[in-house]
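Before any comments, here is the structure.
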Amino acid sequence: MATKLLLTLAICRLIVTVGFTFNPNDLLRLGLNGKLSVAPADLQSASVDFGGVYRAEPMAVLHPATSEDVARLVKAAYDSSRGFTVSARGHGHSINGQAMTTNGVVVQMSGGGGSKNKMLNYFGEIHLWIDVLTSTLEYGLAPKSWTDYLYLTVGGTLSNAGISGQAFNHGPQISNVHELDVVTGKGELLTCSEKENSELFQAVLGGLGQFGIITRARIALEQAPQRVRWIRVLYSNFSTFTQDQEYLTSLHGKPASQKFDYVEGFVIVDEGLINNWRSSFFSPSNPVKVSSLKAEGGVLYCLEITKNYHLSNADTIDQEIEILLKKLNYIPASEFTTDLPYVDFLDRVHKAELKLRSKGLWEVPHPWLNLFVPKSRIAEFDKGVFKGILGNKTSGPILIYPMNKNKWDDRSSVVTPEEDVFYLVAFLRSALENGDETQTLDYLSNQNYEILKFCEDEKINVKQYLPHYDNQREWRDHFGEKYWTRFQQRKLEFDPRHILATGQRIFMPSFNPNIATW
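When the letters of the sequence shown are read in order and numbered with mature numbering (1 follows the signal peptide of the UniProt record, and there is no 0), they come out as residues -21 to -1, 1 to 497.
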């Protein structure tokens, strides 16, 4: 009884704030199978994210049990005279408050409150990519394209793109989707695919949550390998490094025996990172010294590649790898190799997470910056940023690897540079209050601004991945006139009242500007 009274009081507050036209108990009467919560712990959890930079004040959190729960909530917002905002939150891994809302309702898509449902549905036990992997492996199968971190929701990554070292070969995760169930901003629950509701299908993929909430996904699978040969080699010359990366990613059309399965890389501007980040890879008894390798401008580059295999063809793997490595020009004697189960490789970042959590270094601000950089300007970016702005200190990995544009579908809502090959450059840094000014949130945030300003001044047409902008003018510049017009038209069709994902700061809610998160 006390819980129901608390919920009713909170709903009354919600009505006063956003102007519902229905009675205080109307949200309780929506016929939800899940749980609508105003518990302080739930509100607190939904008010922050992994970035640790922004905060919000949601009025309630819905733990849905079914897709219909989500549809009923959004329909209530759409039908009310003044409306209220609804934001879908996955595992809370956004960086800049994208999945937050103030004075609205957050839909907690992970850890739902209902029974098991279809395999790739979020509700019940299957909502994170790690759960998808565990379930599909029971049938000897696995998704083709991954993210580096598996403790993310399926809908969360598909709302952005979902990329990792397999993207050069299979494309991003959004290029490997057959069908979706989506709740639009009108509260409609629709199944969509290439052939059915195709405009919604393309809009939602990479759509930043603006056009609908994904509640089910059918994705492409392949036979799962058993083991992975994981190799890292070092470069002191950036041009040689990128030439080798681009050569390996150009092999995407070759038979499996003639290419690697995963191509990534990272930049090393701090000796500590090469020996401490994912330190289990390198041998503590043989630490790598940046200074001893005569790095240009004090910077080294690490190429990270893998070869998947089954025990049945293990006897050919060494020869296949040897043939591929002979065509590369890395520093002699800088090859580091390990062999591990396929699952352990895919879950490698989670193991690093557990180490950081044990040291109290995980739940800190993460002022990450992810950029798509055109191939034609990557050398200038290296000179101006890696060897310029960053200096010789950083506080987290800096990933860099090329992708093939022909593996991306330009009908989706994602925008990438207009070149056949472009690079992801990801500054995945953590802010620490340890007395070192170069690791503080202010310092790293200012450095991110310097990087973006450098690109603007040098007319390097980068595109932000997991984008964050403060106003609509910046969003227009991000999309460009052609794609911005399409984005607006899709918003008008699928979320005309601007109910969804207001934390992205793209569209102001049409019914009450005071409830936006900005």
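Note that CB positions come from ideal geometry on N, CA and C, so glycine has one too.
Small disclaimer: the values here were computed from a predicted structure and weren't measured.
Here residue 339 is exposed: its Cβ has fewer than 16 other Cβ atoms, across all protein chains shown, within 10 Å.
For residue 278, no beta strand (DSSP E) segment is defined, and its DSSP state is neither H nor E. Secondary structure of residue 161 (DSSP, three-state): strand.
From the listed residues 185, 471, 408, 107, the smallest Cα separation to residue 248 is found for 408. Distance check between residue 107 and each of 302, 71, 393, 358 places 71 closest, using alpha-carbon atoms only. Under the Cβ criterion (8 Å, minimum of three pairs), the stretch 158 to 167 does not count as touching the stretch 452 to 461. Going by DSSP, residue 16 is part of no alpha helix (DSSP H) but of the beta strand (DSSP E) stretching over 14 to 16. Residue 20 is classed as exposed because its beta carbon has fewer than 16 other beta carbons within 10 Å across all chains shown. A residue is called buried once 16 or more other Cβ atoms fall within 10 Å of its Cβ, and residue 342, having fewer, is exposed. By alpha-carbon distance to residue 156, the top candidate from 387, 435, 423, 467 is 387. As a beta-bridge residue in DSSP terms, residue 211 pairs with 283, 315.
Relative to residue 62, the option among 475, 482, 484, 485 whose CA is nearest is 475. A Cβ-Cβ distance of about 6 Å is found for the pair residue 239 and residue 303, placing them in contact under the 8 Å criterion.
For the options 153, 198, 59, the alpha carbon positioned closest to that of residue 186 is the one of 153.
The C-beta distance from residue 48 to residue 76 rounds to 24 Å, too long to meet the 8 Å contact threshold. Around the beta carbon of residue 381, 16 or more other beta carbons lie within 10 angstroms, which makes this residue buried. For residue 8, the secondary structure class from DSSP, reduced to helix, strand or coil, is helix.
Using a Cβ-Cβ distance cut-off of 8 Å, the stretch 367 to 375 and the stretch 402 to 422 are in contact, since at least three pairs of beta carbons, one from each stretch, lie closer than that value. A distance below 6 Å between beta-carbons, with the five flanking residues on each side excluded, links residue 53 to the following residues of its chain, in chain order: 65, 162, 166. Residue 413 is positioned such that its CB atom lies no closer than 8 Å to that of residue 348.
At the C-beta level, residue 74 and residue 30 come within 8 Å of one another.
Annotation for residue 473: the continuous alpha helix (DSSP H) segment containing it runs 451 to 473. When DSSP states are grouped into helix, strand and coil, residue 46 belongs to the helix group.
Per DSSP, reduced to three states, the secondary structure at residue 368 is helical. For residue 321, the enclosing alpha helix (DSSP H) has its first and last residue at 321 to 325. The stretch 118 to 128 and the stretch 195 to 208 touch, with three or more beta-carbon pairs separated by less than 8 Å. Counting of Cβ neighbours within 10 angstroms places residue 138 among the buried residues, the total reaching 16 or more. Contact check for residue 383 against residue 231 passes: the beta carbons are separated by less than 8 Å.
Rounded to whole angstroms, the separation of the alpha carbons of residue 280 and residue 418 is 22 Å. Non-local C-beta neighbours of residue 359 in its own chain, meaning closer than 7 Å and more than five positions away in sequence, comprise 437, 439, ordered along the chain. DSSP places residue 381 within a strand segment (E or B) once states are collapsed to three.
For residue 168, the enclosing beta strand (DSSP E) covers residues 168 to 172. Counted as a single uninterrupted DSSP element, the alpha helix (DSSP H) harbouring residue 148 occupies residues 146 to 149. For residue 486, no alpha helix (DSSP H) encloses it, and the DSSP letter there is neither H nor E. The three-state secondary structure of residue 23, taken from DSSP, is helix.
Around residue 454, the same chain offers 448, 485 as residues with beta carbons nearer than 6 Å, after the five sequence neighbours per side are excluded.
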